[in-house]
Structures are given as C-alpha cells and as structure tokens.
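Peer 1: Numbering (our numbering), first residue to last: 122 to 303.
Have a look at the structure that comes next, please.
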C-alpha cells in the first residue's frame with residue numbers, strides 16, 4: 122500500500138492498482154489485486170484478471186512496461202503499467218491511471234515506476250516469506266506442545282507402573298524376609 126501511494130503521488134496519477142500473479146485452479150494463473158487506491162489513496166475495488174487480458178495481462182505476459190490510453194467514463198484515460206519482477210520471475214503488475222486525456226504518461230514516468238515496481242516485488246516476496254515462516258513457526262510450536270504432552274504422559278505412566286510394581290514387591294519381600302529369618 123505504501124509503495125502504491127508513493128507511486129501514485131510521484132507521477133501524479135489518479136489511481137494505482139498492484140496485482141499479484143497467483144496460481145489459480147492448478148496450472149491457470151490469475152492477476153489478483155493486492156491493493157487498489159484512488160486519487161486520495163482510499164481503497165477501491167479492483168477485479169482479478171487473467172494474463173494476456175487487458176493492459177495488465179499483456180504486461181505480465183511480455184514483462185515489458187507499457188503506456189496506453191483506454192476508454193474511461195466520459196472520455197479516455199492514460200494507463201502506465203509496469204511488471205513486478207523478482208529475478209527472472211514476473212510476480213505481478215503495477216498499474217497507474219490518469220483520467221485526463223491531456224496528461225499522458227512519459228518514458229521518465231515508466232523509469233520511476235519500474236524502480237518502485239522492483240521495490241514492490243521485493244516487499245511482496247519478503248511479506249510472503251514472513252507469512253510462510255510464521256506459519257511454520259506455528260506448526261512447529263504445535264508439534265512441540267504435542268511432544269511435551271506426550272512426554273508428560275510417558276512420565277505419568279512410568280510413575281504409575283513403578284508404583285503398581287512396588288506394592289506387590291513389598292509384600293513379597295516381607296514374606297521372603299519371614300521365610301529367611303524364620
């Protein structure tokens with residue numbers, strides 16, 4: 122969200138959407154919106170889309186930034202879309218919109234957005250790694266708790282068996298002592 126706000130403000134856009142490329146139903150991929158902001162950085166609704174669908178899908182498929190204009194409300198709007206690249210992998214797309222036809226994006230805007238997109242890609246990957254590590258830590262803690270409970274049950278069982286064996290052995294020892302001494 123922070124990167125989307127900065128990107129929108131930096132290039133004077135009227136909105137910003139960051140989509141994450143996700144697995145959907147086995148092999149299929151889907152561009153799932155992570156954040157969508159309006160001109161006041163308020164959240165807005167954004168639709169998921171398939172790669173090769175619309176500007177965002179084309180950018181995800183080709184890994185190339187793009188400036189284009191689209192029909193928008195009562196006229197046209199300019200769209201600047203850059204891929205979120207993590208190494209050799211495209212993990213998403215950042216798209217900005219200007220709803221004034223006379224204010225086109227320029228190549229300098231794409232350069233700035235590409236820099237922010239690389240930071241966004243790293244931030245997304247780091248956030249996903251943190252989530253994965255937290256999930257693993259939770260799983261390990263649950264396993265440790267089950268192991269501690271099993272260890273406690275084992276100790277209790279050994280104490281009970283020891284007590285149950287000592288009681289008859291005490292009687293037997295008493296009879297053996299009587300036989301030996303008597």
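From the three backbone atoms N, C-alpha and C, an ideal C-beta is built for every residue, glycine too.
Please report the straight-line C-alpha distance between residue 214 and residue 181, rounded to a whole angstrom.
Peer 2: As a working note, residue 214 is residue 93 in the chain shown. As a working note, residue 181 is residue 60 in the chain shown. Their Cα atoms are separated by approximately 6 Å.
Peer 1: Which residue's Cα is closest to the Cα of residue 166: 153, 262, 178, 194?
Peer 2: For the purposes of this step, residue 166 is taken as residue 45 along the chain shown, with counting starting at 1. That would be 153, whose Cα lies nearest to the Cα of residue 166.
Peer 1: Please report the residue range of the alpha helix (DSSP H) in which residue 177 lies.
Peer 2: Within the chain shown, the letter at position 56 stands for residue 177. Element bounds for residue 177: 175-183.
Peer 1: Residue range of the beta strand (DSSP E) that residue 190 falls in?
Peer 2: Mapped onto the chain shown, residue 190 falls at position 69. 187-193 is the span of the beta strand (DSSP E), which, as asked, contains residue 190.
Peer 1: So the beta strand (DSSP E) residue 204 belongs to, where does it begin and stop?
Peer 2: Here the question's residue 204 lines up with position 83 in the chain shown. Counting along the chain, the beta strand (DSSP E) containing residue 204 begins and ends at 196-207.
Peer 1: Need the endpoints of the beta strand (DSSP E) that residue 210 sits in, please.
Peer 2: The count along the chain shown starts at 1 and reaches residue 210 at position 89. Residue 210 -> beta strand (DSSP E) spans 210-219.
Peer 1: Quick check: what's the CA-CA separation for residue 262 versus residue 274?
Peer 2: Mapped onto the chain shown, residue 262 falls at position 141. Mapped onto the chain shown, residue 274 falls at position 153. Each residue's alpha carbon lies about 18 Å from the other.
Peer 1: From residue 284 to residue 298, what does the alpha carbon distance come to, in whole angstroms?
Peer 2: Indexing the chain shown from 1 puts residue 284 at position 163. Indexing the chain shown from 1 puts residue 298 at position 177. In a straight line, the C-alpha of residue 284 is about 21 Å away from that of residue 298.
Peer 1: Please classify residue 140: does DSSP put it in a helix, a strand, or coil?
Peer 2: Looking up residue 140 in the chain shown gives position 19. In this structure, residue 140 counts as strand in the three-state DSSP scheme.
Peer 1: The beta strand (DSSP E) with residue 157 in it runs from where to where?
Peer 2: As a first step, residue 157 is located in the chain shown; it is residue number 36 there, counting from the start. That run of the beta strand (DSSP E) goes 150-158.
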